[in-house]
Amino acid sequence: MPDINLTQSEMAKAYDPAGVEDKWYQFWMDKGYFKPKIDPQKKPFTIIMPPPNVTGELHVGHALTATLEDIMIRWHRMQGDPALWIPGVDHSGIAAQVVVERTLAKEKTTRYQLGREKFDIRMKEWAAKARASITNQHKKLGVSCDWSREAYTLDPGPSLAVRTTFYRLYQKGLIYRGERITNWCPRCATVLSDLEVEHKDESGHLWYFRYPLENGQGYITVATTRPETMLGDTAVAVNPQDDRYTGWVGKKLILPLLNRTIFIVADEAIDPAFGTGAVKVTPAHDPVDFEIGQRHQLDRINILNNDATLNDNAGPYKGLDRFEARKKIVEDLQNLDLLEKIVDYSHSVGHCQRCQTIIEPLASKQWFVKMEPLAKPAIAAVKDGRIKIIPDRFDKVYLNWMENIRDWCISRQLWWGHRIPVWYCQDCGETIVSIEDPVACRCGSKKIEQDKDVLDTWFSSGLWPHCTLGWPHQTEDLKYFYPTSVMETGYDIIFHWVARMIMMGLENMGDVPFHTVYLHGLVRDEKGEKMSKVKGNVLNPLDAIKEYGTDALRFALSTGTSPGNDMKMAASRLEASRNFANKLWNASRFVIKSLEGSQVDLSLPAHLPVEDRWIISRLNRTVLSSIQLMEDFQFGEAQRQIYDFLWSEFCDWYIEIAKIRLKDEKTVSPLPVLVHTLETSLRLLHPFMPFITEELWQILKKKMPDSCQPESIMIAAYPVGNEKAVDPQAEHIIESVIEIIHTIRNTRAEHRVESNKWIEAHLYAGDLAEALKDYCPTIQSLSQARPLELKNTRHQGQSDNNDLVMVLKDCEIVIPLASMVDMEAEKARLQKELEEIKTNVERLEVRLNDPAFTGKAPPAVVQKERDRLAAGKDKMDRLQQQLVRFN
Ligand SMILES: [Zn+2]
Ligand SMILES: [Zn+2]
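Be aware that the sequence shown starts at 37, since it is given in the numbering used here, and climbs by one per residue.
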């Protein structure tokens, strides 16, 4: 064993996370503990970390992800499973590009001015910085992932996986290029997938326009929420069943302002209840109209430039911004008396998820993935249980989306990302799809140009579980670790990411990418509101670590969580977690100090006193129960039970009882049980609080010279519960002792007995008396009760007025009032209090009987006084009852 002197010889009075965390993290890394050994005899446990975006700092959601995954990985590693956790980062296409473009805007330049190459350098610089910061933050969180396998979506491996997948799907006819209505962000100048559009209800208007018939015999009225699109109208459509328009279909109309001729067509897609039942058709700017256009061979007239200004097709409105054009067109139609009316109308408006600009539906040529054939096996995998989603209510959400899936638009007019592996021959027009960059076309021409677009960032993240393990190469990692065990991520990206990984994994590997999907909720602020920079309620993980320590942050994040549910995070939770770390520190310090100079053999003796059997029984129950909970992915509850055991049983009771025993030379030493319970608990708690447990475990180990434990807690065996150690009889006795002490302490507190004053108590324990005999000194000492009389009968009937009788589960406690309080002084105090209350009650009664008050004061004020009167009378009654005892 190397000579490491990482633990101080003298234990500090309080736990100091800063002095502990970095040194152990470095130690673990130096030892190579994070890297699993491939062992064909063992089943591996694998998690691929959801790659954070290279957009900057990790937020508290990432900290939750890191904590939950680290808990699982450390737990499995301690169980002896080859545990692999691959960290990674996502280049995050549009999200990252938007961030850098904002910086450029501050420098008064744009990506277009910079040019593609220089812009790419800026992006890479930004990404490198962000990656370094993300790695550093992850290390601070104590994540035990295998840094030697760290992956990045733009690395050669994942890039090859992207091209290979594109190539194969294209060959199978599952990737195609087509003209469709897509969501266009004028600010980002790219199309977006449906999932990247946020729909918000906005109050707008419905404008009713008149389109005159060409024959001059009247007009038809249409309603629209986007007046400017009328410039691109190529028809007006009505429902064929709509009686109002019988005989109108086929008639010619004059499109106002541009004076183009358009026709009235009949189409089933038209809802007669909307507006007038007659709808303008703009095939280039609306998905429904696009389809109507296809059915009726209508022209598609695009009226917009990429920045949402109007183009040549807009005639006199050319060059105007879409919203200026809207105003102008409404005005012009009004002047022509073609505006019938404007009504208020609330409707859903799509916004760019990244920059919040209103998106514009636009017909354009894009690359798509045909989803239905990919979705089918992915639906089956969840239905037949090969993939389990936790919590299972998300099954329905997943299946519903998958069963209604639409083709996925994967091309983006961005510069940052995987360039689409398609080349066009300038001479023969051939489209070349290739994994390697081609040098020439089949026709021999070298004039080939690569598609300018890049792929949606989710295309590469969809390959994450298999490409990080080496695919398309058949690596050892891929053979051993695929399918992975758990995909732990936020429920908000179940479609963006989880669904696509399942489809792509099944397509490329012929097997599911993971067996379990664990979805965690969002971390909200203490009021339950979403954290955002704008609101200023963001909890920065690094700040929390600085103030409370990593273990406290991890503990606070994961104790309250149950799968799929949002959690509230408040400073009080962090404080409570820090207090727990300190409580554990102090308890351990006591045990370790007690070991100093002791010659006691630390192996557990065969025969143990009842309280030893009790704490060992409770320890084993806690181990058994928390492991079961962890197997059910209930980490928050597992943690809560460990916390309760350590705090409320081990620290508050066992250690207190042990202190009494340590002072008494004649009794059996509690040291073996203290050490056994503490050492086991530290291992039990390690996955949740890795740093403090390692520090304490190392100090404890030094005091146990005979132990042949491994050199770190993180590779020590995880505790295994022993059902045979569960001892209901011992639990019953000690729980009774605790209940008795609790009750006496509470009674003392109620009567404000000073802490150093001894009081008299009689314990009527019946059958339990024999077992409690040994605990009289403990009860006496921990409740300051002496004399303490133990009786083997039960207390029945009435008691003296001056005695307090407390009825417990299996016994009664009688405490003479005179032993707690000075009767005369107490009587005087109660009388004085009664006088005061009486005066107050009388004053209130006078006031409430005065019509001048009740008639004039606001009802709320009168009610308040009435409530005060009722409370006063109630208090008076209680004081009078108490006083009876003293008479
Ligand atoms: Zn945008
Ligand atoms: Zn060619």
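Virtual Cβ for every residue (Gly too), placed ideally from N, Cα, C.
Pairwise C-alpha distance: residue j and residue i
| i | j | result |
| --- | --- | --- |
| residue 137 | residue 202 | 28 angstroms |
| residue 785 | residue 862 | 15 angstroms |
| residue 424 | residue 55 | 41 angstroms |
| residue 734 | residue 723 | 16 angstroms |
| residue 154 | residue 410 | 38 angstroms |
| residue 431 | residue 418 | 7 angstroms |
| residue 151 | residue 161 | 16 angstroms |
| residue 479 | residue 469 | 15 angstroms |
| residue 799 | residue 825 | 6 angstroms |
| residue 245 | residue 214 | 33 angstroms |
| residue 39 | residue 60 | The predicted model places residue 39 with a pLDDT of 40, which falls under 50 and marks its position as unreliable, so this point remains unresolved. |
| residue 324 | residue 454 | 31 angstroms |
| residue 177 | residue 575 | 14 angstroms |
| residue 582 | residue 600 | 29 angstroms |
| residue 75 | residue 750 | 19 angstroms |
| residue 183 | residue 224 | 34 angstroms |
| residue 890 | residue 898 | 6 angstroms |
| residue 198 | residue 534 | 17 angstroms |
| residue 726 | residue 650 | 27 angstroms |
| residue 340 | residue 221 | 12 angstroms |
| residue 433 | residue 414 | 14 angstroms |
| residue 278 | residue 308 | 7 angstroms |
| residue 80 | residue 594 | 24 angstroms |
| residue 775 | residue 536 | 56 angstroms |
| residue 169 | residue 92 | 8 angstroms |
| residue 127 | residue 452 | 8 angstroms |
| residue 922 | residue 830 | 26 angstroms |
| residue 37 | residue 188 | Below a pLDDT of 50, predicted positions are generally treated as unreliable, and residue 37, at 37, falls in that range; the measurement from the model is reported next regardless. Roughly 36 angstroms between the two C-alpha positions. |
| residue 614 | residue 514 | 41 angstroms |
| residue 541 | residue 436 | 20 angstroms |
Check: residue i C-beta below 8 angstroms from any heavy atom of ligand 1
| i | result |
| --- | --- |
| residue 223 | yes |
| residue 390 | yes |
| residue 134 | yes |
| residue 130 | yes |
Residue i, enclosing alpha helix (DSSP H) - first and last residue
| i | result |
| --- | --- |
| residue 384 | Element bounds for residue 384: not the alpha helix (DSSP H) but the beta strand (DSSP E), 375-388. |
| residue 779 | 764-786 |
| residue 701 | It is not in any alpha helix (DSSP H) - residue 701 carries neither H nor E in the DSSP assignment. |
| residue 507 | Looking at the DSSP string, residue 507 is not in any alpha helix (DSSP H), and its letter there is neither H nor E. |
| residue 628 | 607-631 |
| residue 409 | 408-419 |
| residue 917 | 895-920 |
| residue 134 | 129-142 |
Range covered by the beta strand (DSSP E) that runs through residue i
| i | result |
| --- | --- |
| residue 841 | 839-843 |
| residue 550 | 550-556 |
| residue 526 | 520-526 |
| residue 98 | Run containing residue 98: none in the beta strand (DSSP E); it sits in the alpha helix (DSSP H), 96-114. |
| residue 289 | 288-291 |
| residue 247 | 233-248 |
| residue 397 | 396-405 |
Closer than 8 angstroms: residue i CB and nearest ligand 2 heavy atom
| i | result |
| --- | --- |
| residue 394 | no |
Any non-hydrogen atom of ligand 4 closer than 8 angstroms to residue i Cβ
| i | result |
| --- | --- |
| residue 727 | Among the ligands modelled here, namely ligand 1 and ligand 2, ligand 4 does not occur. |
For this session: Kindly provide the chain-ordered list of residues whose Cβ lies closer than 5 angstroms to any non-hydrogen atom of ligand 2.
Result: My final list is 461, 463, 464, 466, 477, 479, 481.
For this session: List in chain order: all unbroken beta strand (DSSP E) runs of 3+ residues lying wholly within the segment 429-489.
Result: The qualifying runs are 458-461, 467-469, 484-486.
Problem set entry | Segments assigned beta strand (DSSP E), at least 3 residues, entirely inside the segment 801-875 | Runs of the beta strand (DSSP E) lying entirely within the segment 801-875 and spanning at least 3 residues, in chain order: 821-827, 839-843, 848-852.
Exercise. Which residue spans inside the segment 146-218 form an unbroken alpha helix (DSSP H) run of at least 4?
Worked result: The segment 146-218 contains these whole alpha helix (DSSP H) runs: 147-150, 152-176, 192-207.
For this session: Counting only runs of 4+ residues fully inside the segment 551-602, write out the alpha helix (DSSP H) ranges in chain order.
Result: With a minimum length of 4 residues, the continuous alpha helix (DSSP H) runs that stay inside the segment 551-602 are 577-584, 586-595.
For this session: Could you tell me which uninterrupted alpha helix (DSSP H) segments, each at least 4 residues in length, are contained entirely in the segment 653-719, listed from first to last along the chain?
Result: Along the segment 653-719, the alpha helix (DSSP H) occurs as fully enclosed runs of 4 or more residues at 671-680, 691-699, listed in sequence order.
For this session: Within the segment 259-303, note down every full beta strand (DSSP E) run reaching 3 residues or more, in order along the chain.
Result: The DSSP assignment places complete beta strand (DSSP E) segments of no fewer than 3 residues inside the segment 259-303 at 271-274, 288-291, 296-302, in order along the chain.
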